[in-house]
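Set out below in structure tokens:
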């Protein structure tokens, strides 16, 4: 790995913790795939809005006007960031899971998904058909082609990059495949968007969902970007104030409701202004970075992690496809004979290295990969340096030796 400095300033990079041996060490954050640290510029932008603290779309005063404009400006920023066209709509929600549940509420037919999906892109679809992946991406696409040919579907819902292995799916090719069979495509971009710009118009993607907290933006906002017609035709995902243009009680006691079109139709209640502002600010900061430099940094960090894991004895790196070498920022592994949670806890307790252990809300995939007890996941991002990766690999070597010997590190 040649990158010695972070690509962007992230908060908390100087955080220290006392380890089990009494030493105070800087935390090595390698859990970006769960929640990325906030970019300093994002927090600065949020702080500009905080003093106004008024309602969005619900006031005539100056503060309310400022907040309303900040919220709608955030919507425009996200729209541009995703390469959306004039017919696409941007709907803010809590996170990617919320965005996917919103579309699941609106989709008018069957949904085809792969068995590699995060639960958020598996469980919400009420009329889902799960397709088992093959050993190669090429064979998996051929299987999807056969499935959609045999029985049409309204939507193909796929991850942009696996939250377990980091493997990237060919979304433009998948979009063309879906469209050939009269289906639309939804891309769960939670893990892809922090590493790659996704132009939905150029890629032919109908819907894209992603979260701020994985994109270096705090305050809990996510977004669904995509075609308007299904969203306008469905009942509101969240009925309430702001979603209606008029409500009246009829003589018989029923209620007549006239709903707004999207996005207001599905954004009932007072919105999360700071979350939307943070998400948009993160989009702006990511857009300012050189995409070639981001890709090189990401690849160097990921390759360094995988090389180190491959050289470690008794460690197995998880992969889905044999023909895939396009990976972003994630490597998951198991250690022979050692519980993944024990490994992760020891790394944190003894070495101040933060990773994640478990099944990553992707139980079918972990079972498919022969990791029924879960795995350890390392994930990198804009703040990761070569020193961070080296510290992790050194800590893992010590941890594995100690645990295998039955000695507490």
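Numbering (UniProt numbering), first residue to last: 1 to 409.
We treat Cβ as the ideally placed atom computed from N, Cα and C, and that holds for glycine.
Taking every protein chain shown into account, the CB of residue 29 has 16 or more other CB atoms within 10 angstroms, so this residue is buried. No residue range can be given for residue 85, since it is assigned to no beta strand (DSSP E) and is classified by DSSP as neither H nor E. Two segments are said to touch when three or more pairs of C-beta atoms, one from each, lie closer than 8 Å; by this definition the segment 201–214 does not touch the segment 56–76. Runs of alpha helix (DSSP H) with 4 or more residues, each lying fully within the segment 306–365, are found at 340–351, listed in chain order.
A residue is called buried once 16 or more other Cβ atoms fall within 10 Å of its Cβ, and residue 15, having fewer, is exposed.
Contact holds between the segment 36–51 and the segment 275–290, because three or more Cβ pairs, one in each stretch, are under 8 Å apart. Here residue 210 is near residue 192, since their CB atoms are less than 9 Å apart. Residue pairing by DSSP places residue 21 opposite no residue, since no beta bridge is assigned to it. In the three-state reduction of the DSSP assignment, residue 58 falls in the coil class, being assigned neither a helical nor a strand state.
Only residues of its own chain outside the window of five on either side were considered, and among them 268, 269 have a CB closer than 7 Å to the CB of residue 240, listed in chain order. Counting the other CB atoms within 10 Å of its CB gives residue 314 a total below 16, which places it among the exposed residues. In the DSSP assignment, residue 131 falls within the beta strand (DSSP E) that extends over 128–131. Beyond the five residues adjoining it in sequence on each side, residue 20 comes within less than 6 Å, by CB distance, of 349, 350 in the same chain, given in chain order.
Taking a contact as a CB-CB distance under 8 Å, the pair residue 160 and residue 188 counts as one, their CB atoms being some 6 Å apart.
In the DSSP assignment, residue 226 falls within the beta strand (DSSP E) that extends over 222–227.
Here residue 376 is actually not in contact with residue 352; their C-beta atoms are around 16 Å apart, not less than 8 Å. Under DSSP, residue 230 takes part in no beta bridge, so it has no partner. With a minimum length of 4 residues, the unbroken runs of alpha helix (DSSP H) contained wholly in the segment 151–195 fall at 171–180. Going by DSSP, residue 98 is part of the alpha helix (DSSP H) stretching over 96–106. In this structure residue 7 touches residue 294 by the C-beta definition: roughly 6 Å separates them, less than 8 Å. For residue 259, DSSP records a beta bridge to 244. Assignment of beta-bridge partners to residue 374 by DSSP yields no partner. Residue state for residue 207 is assigned as strand, using DSSP reduced to three classes. Taking all protein chains shown into account, residue 277 has 16 or more neighbouring C-beta atoms within 10 Å of its C-beta and is therefore buried. Beyond the five residues adjoining it in sequence on each side, residue 242 comes within less than 7 Å, by CB distance, of 57, 264, 267, 268, 269 in the same chain, given in chain order. Contact between the segment 106–126 and the segment 294–308 is absent: fewer than three C-beta pairs spanning the two stretches fall below 8 Å. Here residue 26 is bridged, per DSSP, to 16. Per DSSP, residue 398 lies in no beta strand (DSSP E) segment; the continuous alpha helix (DSSP H) that holds it begins and ends at 386–404. DSSP, reduced to helix, strand and coil, places residue 11 outside both helices and strands of the structure shown, so it counts as coil.
DSSP places residue 114 inside the beta strand (DSSP E), whose first and last residues are 111–114. Each of 91, 106, 138, 156 was checked against the Cα of residue 130, and the nearest Cα belongs to 156. Secondary structure at residue 252: coil, using DSSP grouped into helix, strand and coil.
In this chain, the alpha helix (DSSP H) harbouring residue 275 covers 273–288.
Residue 50 counts as exposed, since fewer than 16 other C-beta atoms from the protein chains shown sit within 10 angstroms of its C-beta.
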